[in-house]
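So the sequence lines, in the order shown, correspond to chains A and B. For the first sequence, the working numbering gives the first residue as -1, with consecutive numbering after it. For the second sequence, the working numbering gives the first residue as 8, with consecutive numbering after it. Virtual Cβ for every residue (Gly too), placed ideally from N, Cα, C. To start, the structure itself, in structure tokens.
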Amino acid sequence: MTAQKNSLSVALFSVLFGLIIGAIIMLVFGYNPFSGYTALLSSAFGSMQDIGSVLTQMTPLILTALGFTVAQTAGFFNIGLSGQALAGWVGAVWYSLSFPDMPAYFMIPSALILGAGLGALAGAIPGWLRAQFGASEVIVTIMMNYILLFLGNDILQNTMSKNIKESAETTKQVGANASLQIKWLTDLTQGSSISAGIFISLIMIVVVWFIMKKTTLGFEIRAVGLNPDSARYAGISAKRSAIVAMAISGGLAGLAGTIEGLGNYLNFFTQNGSPAIGFDGMAVALLGGGSYLGVLGAAAILSVLKIGGLGMPMSSGVPFELVDIVTASIIFFVGASYLIKLMQARIKAMDEKAASTAEAKKIAKTKSVQDNSKKGGE
Amino acid sequence: MTESTPVIEMRHIVKKFGDFAANDDINLQVQQGEIHALLGENGAGKSTLMNILTGLLQPTSGQILINGKSVAVDSPSKSDALGIGMVHQHFMLIDAFTVTENIILGSEVTKGLSLDTKTAAKKIKQLSEQYGLQVDPYAKITDISVGQQQRVEILKTLYRGADILIFDEPTAVLTPQEIGELITILHNLAKEGKSIILITHKLDEIRAAADTVTVIRSGKSIETFPVAGVSSQELADLMVGREVSFKTVKQDVETGDTVLRIDNIEVQNSREVTAVKDFSLQVKAGEIVGIAGIDGNGQTELIQAITGLTKVQSGAVILQGKDITNKKPRQITEAGVGHIPEDRLRFGMEVDMTLSENLALQTYYKSPLSKGGVLQPTEIDQVANKLVKEFDVRSAGIQVTAGSMSGGNQQKAVIARELNRDNELIIAAQPTRGLDVGAVEYIHQRLIAQRDAGKAVLVVSFELDEILNLSDRIAVMNAGKIVGIVNAKDTNKQELGLLMTGMSLADARAALKKEVDA
């Protein structure tokens, strides 16, 4: 209870400090921070389309952040969310383009399952290597990001049939049978690329929360993450938990990638680097402080910054990169949460001290009166 | 008689955490050159009081006087400056550093840019001679014994000029011989004018070492009196607040069939060195078999091998006729083994999970605690509430984290969980380590009740009193082997002590007989 309150206040302080740092930098470089942040807010909330873009941005971040949190609960640091997302993205787009005539009610669920499954496989491999050989999942997932990045590009450029490609570097758009976009949502948000993916993300928050908090599987993952020795003593297989947790983590990232493919971009194109949703998802998870509801709030904040930042150069002249500085500062402060906690403790201690000296003075006074009367008696 | 000004005087100390008063008007006076024991149950408020004295906590109200002058100990460095030093129960030493490096850490003497370890080592040598704390200043911490490591901790405080030394449960980690040496050291320190506060709940040691004792119970200082002429029984009764029985009464029980049969097993430790060899033992229904031995003679590996946490290299472990050798921990648990592990914080509980979850740790996957893979919180809490009541586990509720509970209550929780499953075999490793007499008495009664109910109980303990008190039969372990098996009725501490050093039963009996004759 208090731990959650703590991480909430850490998150809020971090966001506040991040924005203050951004303001200072704007001042130093001769921009007006008020018009800068006003421009940011109006670009994020100015129209229904902007709001649609914020929600579109949030969709994969929620999923990758959930994935990161699950792995972290089991005691793993999954840096491979990008690669796992890519696996889902490439797989789902390739699959849906290959069966253009499959009806939507069959295509969409199967594509989602396939994408999530590929992500889960990409997550389970480092999990298995860790469980079986003690290989560091940090290093394995970093390397797998590269493997999956270039494998994805290679499949696009050299393996996919020409029929489903627009150019050497881009696939065709997925058909209506696979698209997650919904007409009324698109209309409501004036043509933003929002899709049903946002609902999937919201549902997954509940599903993941339920699995982790309410099922025996979640109990086992938590137990192993908190103390592998006592988990083993209680007959919980640490190996199984490692693989399962990493598979769930990767599966969520794969789902994020699938929704990017079938909901946001509607195609796959040559990637110059690992997709940002993986790393941004880690930031969201850190800002969310390990809480599943926190993930939703953190995804909203970072998405507002991202989408709002896009409009800043036009209306206030503040370069887009400022948003990266703010985001980085926020994450820095979350990482340095120790400092924030220390500050809070100091403030609290000062209050307490003031209170206790007042009380002590009062006690001392009554004591000395009592002592005096006692002495008088003797 | 005029009393000199006390070195430390703590007056009317109150420390509240929320509504809970950990210290509730405690008074303590320590004279110069005195060994002053602070006696109290787990959770009585001793640690809180000492944390206040060392500046880690601030009292809600109350006054601290050092040499008659009122001081505010508002930080650990202030406490250092006032000449207060603490020897912690868990040593704060860096294994890869030498004794000297550890001692000067934080107050390094430099010569230009380099450390001046030579001068420091000389000073340490001189200190160690003055107080009889033999230790090689250039030895690495990894290479010296636990007893010597403790001396390093003591030297650390002396090096920093401490005049008041606080010892927190100093004997918990020591062998009987090292305890004797420590008591000599304490007397030496007191003779040289140092004042010592000794936190402990071991009554024999208070009687052997301390001059004065202050009893603390439920956050209040109950009484302060000289130790001379006070019996352990009186101390225990004062500490717990009721009459405590040391000797648990055991009725004779007919033993039944063999429940556990260990046949010639060999087990390796984590460094792949043979730790248990040619080990055979049987435990029958309705009997308690104690395994005595000095720490590190294979007891840990033996228990881990029986419970599936370590591989058995050769030989067999048979439970009620069923081979459980190298089965998985859960299979062994389900076969009817309850295991109270040696290290409750590492193996026995998930300290960051709630008490309720910890009580369900072995059964969470079974109906009614979960259905179809979904946990049933109501049922889990119901079981927890029942166990908490039945086993008198005290905490601020079943939803607090296990780590926030006192050691005695943590252990009671582990025992509640392990005894609740109606197991045929109970393995209890160090079941009362670090616990006070009240909790010890309770746990012993519970284990004996298991035996009386016809269960087989295997107890491992480094404390001979515990072994003698609980066991029907005693197997003494040395270097991974059984040296001898004796009936508890026909043996005594001296004999067990000799066996623990590896002497054969015949030799031990002969040696003791000779002693009596002479």
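State yes or no: is the beta carbon of residue i nearer than 9 Å to at least one beta carbon in chain A?
| i | result |
| --- | --- |
| LEU63/B | no |
| HIS97/B | no |
| ARG278/B | no |
| ARG337/B | yes |
| ARG353/B | yes |
| TYR166/B | no |
| PRO438/B | no |
| TYR371/B | yes |
| LEU519/B | no |
| GLY149/B | Note that residue 149/B is Thr in the sequence shown, not Gly. By this cut-off, THR149/B is not an interface position. |
| PRO348/B | yes |
Do residue i and residue j have their CB atoms nearer than 9 Å?
| i | j | result |
| --- | --- | --- |
| GLY44/A | MET310/A | no |
| ILE173/B | ILE213/B | no |
| GLY248/A | ALA118/A | yes |
| ALA323/B | ASP270/B | yes |
| SER193/A | LEU183/A | yes |
| ILE71/B | ILE15/B | yes |
| ILE20/B | GLY69/B | yes |
| ALA216/B | ALA44/B | yes |
| ARG238/A | ALA129/A | yes |
| ALA282/B | GLU357/B | no |
| SER94/A | ILE275/A | no |
| LEU196/B | ALA463/B | no |
| ALA420/B | ILE310/B | no |
| LEU465/B | VAL274/B | no |
Among the residues of its own chain, which have a CB less than 8 Å from the CB of residue i, if the five just before and after it don't count?
| i | result |
| --- | --- |
| ALA298/A | VAL52, MET56 |
Under a CB-based cut-off of 9 Å, is residue i close to chain B?
| i | result |
| --- | --- |
| GLY173/A | no |
| LYS3/A | no |
| LYS212/A | yes |
| SER235/A | yes |
| ASP227/A | yes |
| LEU224/A | yes |
| LEU149/A | no |
| TYR231/A | yes |
| ALA221/A | yes |
| LEU340/A | no |
Assuming the contact rule is C-beta atoms closer than 8 Å, residue i and residue j should be a hit. Round their C-beta distance to whole Å, please.
| i | j | result |
| --- | --- | --- |
| THR107/B | TYR145/B | 7 Å |
| GLY293/B | THR262/B | 5 Å |
| VAL523/B | LEU503/B | That pair is no contact at about 16 Å. |
Excluding the 5 residues flanking residue i on each side, which residues of the same chain have their C-beta closer than 6 Å to its C-beta?
| i | result |
| --- | --- |
| SER12/A | ILE328, PHE331, VAL332 |
| ILE338/A | VAL8, PHE11 |
| SER313/A | ALA37 |
| ALA169/B | GLY90, GLY92 |
| GLY287/A | SER5, ALA9 |
Given this structure, state the Cα-to-Cα distance separating residue i from residue j, to the nearest angstrom.
| i | j | result |
| --- | --- | --- |
| GLN457/B | MET510/B | 32 Å |
| GLU41/B | ALA334/A | 46 Å |
| ALA174/A | LYS181/A | 11 Å |
| ARG353/B | ASP32/B | 35 Å |
| LYS129/B | THR221/B | 38 Å |
| LEU519/B | ASN485/B | 19 Å |
| ASP302/B | GLN156/B | 16 Å |
| SER402/B | ASN476/B | 29 Å |
| LEU506/B | ARG480/B | 14 Å |
| PHE27/A | LEU303/A | 20 Å |
| GLN342/A | ASN4/A | 10 Å |
| ALA243/B | ALA281/A | 56 Å |
| LEU154/A | ALA85/A | 12 Å |
| ARG337/B | VAL180/B | 31 Å |
| GLY443/B | GLY248/B | The displayed chain sequence assigns Asp, not Gly, to residue 443/B. Approximately 13 Å, taken between the alpha carbons. |
| SER272/A | THR256/A | 15 Å |
| LEU382/B | ILE196/A | 29 Å |
What residues in its chain sit with their C-beta under 7 Å from that of residue i, if we drop five residues either side in the sequence?
| i | result |
| --- | --- |
| THR340/B | GLN369 |
| LYS85/B | GLY62 |
| ASP388/B | SER363, ILE405 |
| ASN276/B | ALA282, GLU308 |
| PHE294/A | The sequence shown places Leu at residue 294/A, rather than the Phe named in the question. Taken in chain order, the residues that qualify are ILE60, ILE203. |
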